[in-house]
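Below is one structure, written out as structure tokens; the observations come after it.
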Amino acid sequence: MARIVLLQCELEHRHQAPHLAMALYASDLTNSGHEVEMALVHPSALEQAGEAIAGRCDLLVLDSIFPFALVGRLRELSGAPVLVGGHNALQHALRGPADLALCGPGRGPLGQFVSWLDQQDDVRDGPWPTHIPGLWFRNAEGLLDCPTPAGTGSVGSEVFPFQPELNWDYYGPPRAPGSNLRIPSVVAELGCLYNTSAMGSQGPQFYANVQPRLPEATLTDRAEQAVRQLTVGNEGGCTFCVFRTTKFVRKAGASAIPDLLVQIRYLVGLGARGVSLQTEQPLPLLPPLLTELRKDETLVGALEELHVRTIPWLLLRQEEHLLQAIGLCRELGIQLVLGQVGFEAFDPLSLDVFHKGLTATDNRRAARTLSQLSEAHSDCFRGTDGHGLIPLHPWTSPEALATNLQACREDAPWLLPRLHPRSRLELYHEWGPLFWKAQDDGLIEPSDDEFGWRFRFQDDRTSELVAVWATLVALSTQRVQSAPSPATAAHVLLEWVLEAWRQNPEPETRKAAYMALRDRVVGRPA
2 MARIVLLQCE
12 LEHRHQAPHL
22 AMALYASDLT
32 NSGHEVEMAL
42 VHPSALEQAG
52 EAIAGRCDLL
62 VLDSIFPFAL
72 VGRLRELSGA
82 PVLVGGHNAL
92 QHALRGPADL
102 ALCGPGRGPL
112 GQFVSWLDQQ
122 DDVRDGPWPT
132 HIPGLWFRNA
142 EGLLDCPTPA
152 GTGSVGSEVF
162 PFQPELNWDY
172 YGPPRAPGSN
182 LRIPSVVAEL
192 GCLYNTSAMG
202 SQGPQFYANV
212 QPRLPEATLT
222 DRAEQAVRQL
232 TVGNEGGCTF
242 CVFRTTKFVR
252 KAGASAIPDL
262 LVQIRYLVGL
272 GARGVSLQTE
282 QPLPLLPPLL
292 TELRKDETLV
302 GALEELHVRT
312 IPWLLLRQEE
322 HLLQAIGLCR
332 ELGIQLVLGQ
342 VGFEAFDPLS
352 LDVFHKGLTA
362 TDNRRAARTL
372 SQLSEAHSDC
382 FRGTDGHGLI
392 PLHPWTSPEA
402 LATNLQACRE
412 DAPWLLPRLH
422 PRSRLELYHE
432 WGPLFWKAQD
442 DGLIEPSDDE
452 FGWRFRFQDD
462 RTSELVAVWA
472 TLVALSTQRV
482 QSAPSPATAA
492 HVLLEWVLEA
502 WRQNPEPETR
512 KAAYMALRDR
522 VVGRPA
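Add 1 to a position in the sequence shown, counting from 1, and you land on the number used in our numbering.
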């Protein structure tokens, strides 16, 4: 019997169920006779979590959301070998402190690895097995290796049998009771259908002169070939997204419905009152799924919420399906929530940088559509929750920040809270045109704390603006902690900074204007 600890990094969604894949892994390992502990970990409680598992596990399994610094600290505290899995696991293999990374379909390979581990006496530092598909590690010569290529997953192999273990511990700020059963996931597909390349004639002109390349790393020949196939040979989709290297696998249309019903029934049986449908193209599935749900009075009576996500250009193309689904949800008494629509930005350059596949005009139209539908169908539909923006990337300009602020005010005021100095592009990996372009432009620098790299702004004006903006946001937050006054919203502070920048072209007068803003935020008289 092996002692396994599974930890998920939880940043923004601590009141929701654990991610499905690790919940399925936990069930599999428990059923195989291993001792399994699971916990969600907020970074603020990392030390507490590490101390709780110290000396009590043979293997620590982490999701790839953990930045390198946190992985290294958990490895130190636990005293166990660390395996990282998930969409960004390959970057952990290339640059991170983990001992092992599992890339590609993981359900079967993780079970195989734990079975192997259970037969060993002491493998804190290897050597590691060579027969596990998709297992990456450094060999005796220090070269990164993947002896057996990852297999091809499917919804069937990765999701079924469907018996997720959702009784997870939690380390972090207060969490609502019952969160482990709050909108757990059901899966209709793997990867993303938007796999159009950003390179060549079909991509934005922004990437016209960018050449694909392998990461600069010490790899075996077979590992180099695996990286080439996983990354350079699989380039497509939004340039920042880790889904771009996940093979897109789905069942066609209505054939996915029976599998979804099996998953929903199981979760409702555990006590869940809502589910989150995992697919980037849910809208055509919703009418047939809801029609089938209508036939089961037990499910209809128990299911209160159905959460979905999609892509802006799909929302515009498939609005008719959404309207049908809204009507069915009203009839069934289900709240339909459309969140995580990837708007990212509303200026043309950013949409090219991210390869979003639509114009700024259409992106704004998609945002207005959600506003209008949410208002017209407020009894059963919410389309303005949980969306994100990425206004800050290497090529952001002050003009682009102003454009995004204006677009949010006019078309999507519910996105204004997402305009924040923390809303920066995260460089999760170093393959794909965005990283290559930033590297060509000299805008990348190493970062051991994050995922190996961070960026700097090409435009010095942006560097100045964002530094002032971040300072004002921090001062406003500190004032709230010391006095019972509300913080000034980050988007309001951005507006102030932009105005000071526009009205004061000379550095000295601009500095004075910034100091006046500081005094205004902290409450000093002019």
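Every residue gets a Cβ at the ideal spot worked out from N, C-alpha and C, and that includes glycine.
Item: Close-in-space but distant-in-sequence residues of the same chain around tyrosine 267 (CB under 6 Å, 5 per side omitted); Value: Phe163
Item: Nearest candidate by alpha-carbon position, reference arginine 598, set Asp412, Glu376 and Val354; Value: A query on residue 598 cannot be resolved here, the shown segment of the chain reaching from 2 to 527 and no further.
Item: Supposed close pair alanine 361, phenylalanine 344 - CB separation, criterion 8 Å; Value: Not quite, the Cβ-Cβ distance comes to about 10 Å (not below 8 Å), so this is no contact.
Item: Distance between leucine 61 and glutamine 49 (C-alpha atoms, nearest Å); Value: 15 Å
Item: Selected residue, minimal CA-CA separation from leucine 333, among Ser351, Leu287 and Leu317; Value: Leu287
Item: Pairwise C-alpha distance: threonine 31 and threonine 489; Value: 49 Å
Item: Cβ-Cβ separation, proline 110 to glycine 135 (assumed contact under 8 Å), whole Å; Value: 5 Å
Item: Stretch pair the segment 441-453 + the segment 401-408: three plus CB contacts closer than 8 Å; Value: no
Item: Buried or exposed by the 16-neighbour rule on C-beta atoms within 10 Å, applied to aspartate 100; Value: buried
Item: Glutamate 400 - DSSP class collapsed to helix/strand/coil; Value: helix
Item: Collapsed DSSP secondary structure at alanine 209 in the structure displayed; Value: coil
Item: Beta-carbon gap between alanine 151 and cysteine 193 smaller than 8 Å; Value: no
Item: Reference threonine 478, options Phe244, Arg519 and Cys239, closest by Cα; Value: Arg519
Item: Three-pair Cβ contact test at 8 Å for the segment 463-479 versus the segment 498-518; Value: yes
Item: Alanine 40 - containing beta strand (DSSP E), residue span; Value: 36-42
Item: Contact belief for glutamate 52 with arginine 4 at Cβ below 8 Å, rounded distance in angstroms; Value: Rounded, the Cβ-Cβ distance is 16 Å, inconsistent with contact.
Item: Exposed unless 16 or more other CB atoms sit within 10 angstroms - verdict on glycine 302; Value: exposed
Item: Cβ pair phenylalanine 456, serine 464 closer than 8 Å; Value: no
Item: Span of the alpha helix (DSSP H) around tyrosine 515; Value: 508-523
Item: The segment 282-301 touching the segment 326-341, judged by at least three CB pairs closer than 8 Å; Value: yes
Item: Whole runs of the beta strand (DSSP E) within the segment 155-239, excluding any shorter than 3 residues; Value: 170-172 and 186-188
Item: Endpoints, the alpha helix (DSSP H) within which isoleucine 258 is located; Value: 258-271
Item: Beta-carbon proximity list for proline 399, same chain, < 7 Å, skipping 5 on both sides; Value: Arg462, Thr463, Leu466, Leu499 and Trp502
Item: Residue of Leu271, Glu236 and Gln264 minimising C-alpha distance to leucine 278; Value: Gln264
Item: Arginine 310, DSSP secondary structure in three states; Value: coil
Item: Stretch-stretch touch, CB-based, cutoff 8 Å, three pairs: the segment 9-19 with the segment 61-72; Value: yes
Item: Arginine 365, buried or exposed, once every other Cβ within 10 Å from all chains shown has been counted against 16; Value: buried
Item: Given tryptophan 415 as reference, the closest of Leu315, Met39 and Ser375 once Cα atoms are compared; Value: Ser375
Item: Nearest residue (CA-CA) to arginine 480, options Gln504, Pro106, Pro506 and Arg521; Value: Arg521
Item: Three or more C-beta pairs below 8 Å linking the segment 11-25 and the segment 168-186; Value: yes
Item: Validate contact between the segment 421-429 and the segment 382-394 using beta carbons, cut 8 Å, 3 pairs; Value: yes
Item: Residue of Gly86, Gly270, Gly238 and Arg419 minimising C-alpha distance to aspartate 353; Value: Gly238
Item: Glutamate 338 - partner residues in DSSP beta bridges; Value: It is valine, not glutamate, that sits at residue 338 in the sequence shown. His308 and Arg383, per the DSSP bridge assignment.
Item: CB of proline 395 within 8 Å of CB of aspartate 442, strictly; Value: yes
Item: Per DSSP, the bridge partner or partners of arginine 125; Value: Gly127
Item: Start-to-end residues for the beta strand (DSSP E) that takes in serine 28; Value: Where serine 28 is concerned, there is no enclosing beta strand (DSSP E), although the alpha helix (DSSP H) it sits in stretches over 21-32.
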